[in-house]
Amino acid sequence: MRIKVAEPDALSDGGRLIVKVKEMELGLFKVNGVYYAWRNVCPHAAAPVCAGPIRGTKLPSAVYAYEYGMEDQVLRCPWHGWEFDLVSGRHLAAGSNAKLRGFPVETDEEGIYVRVGDQ
Numbered sequence: 001m002r003i004k005v006a007e008p009d010a011l012s013d014g015g016r017l018i019v020k021v022k023e024m025e026l027g028l029f030k031v032n033g034v035y036y037a038w039r040n041v042c043p044h045a046a047a048p049v050c051a052g053p054i055r056g057t058k059l060p061s062a063v064y065a066y067e068y069g070m071e072d073q074v075l076r077c078p079w080h081g082w083e084f085d086l087v088s089g090r091h092l093a094a095g096s097n098a099k100l101r102g103f104p105v106e107t108d109e110e111g112i113y114v115r116v117g118d119q
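Residue numbering for the sequence shown follows the UniProt record's numbering, starting at 1 and increasing by one per position.
Structure representation (structure tokens):
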């Protein structure tokens, strides 16, 4: 089912909207011109993950290098700090298989839509 969640100009790049679709909260994000929709539930402790800060993170690097990257592409859970890639939904901790639940997003000249119930 395709459900309109926002007007076409509702999000600028790096923006976020929390929307309700079929009794479920979703976070709608725009990253580098592409839209992503993630269920607003952290897989760790069911926190409202989509309300967390969007920033970068420390990247794997040589000892004492402390390389920082992925600016504006990492969602940090507000409860326990788990970090998720906004593009893939993957938890960024090494060895973790946790992932946010995603939904397909479509756009046209009349709006931004999320597909639910198709999976």
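C-beta: ideal position from N, C-alpha, C; glycine also.
Output the boundary residues of the beta strand (DSSP E) element that contains residue i.
i     : result
Ala37 : Val34 to Arg39
Lys30 : Met24 to Val31
Asp72 : Tyr68 to Arg76
Lys99 : Unbroken run through Lys99: none, as it is neither H nor E.
Here's the rule: buried if 16 or more other CB atoms are within 10 angstroms of the residue's CB, otherwise exposed. What is residue i?
i     : result
Ala93 : exposed
His80 : exposed
Val34 : exposed
So, residue i versus residue j, is the Cβ gap smaller than 8 Å?
i      : j      : result
Asn40  : Val49  : yes
Ser67  : Leu59  : Residue 67 is actually Glu in this sequence, not Ser. In this structure, Leu59 lies closer than 8 Å to Glu67 by Cβ.
Val105 : Val114 : yes
Ala37  : Phe103 : yes
Taking only the alpha-carbon atoms, compute the straight-line gap between residue i and residue j and give it to the nearest angstrom.
i     : j      : result
Cys77 : Asp108 : 31 Å
Leu28 : Leu17  : 5 Å
Lys20 : Gly69  : 31 Å
Assuming the contact rule is C-beta atoms closer than 8 Å, residue i and residue j should be a hit. Round their C-beta distance to whole Å, please.
i      : j     : result
Ile112 : Ala10 : 7 Å
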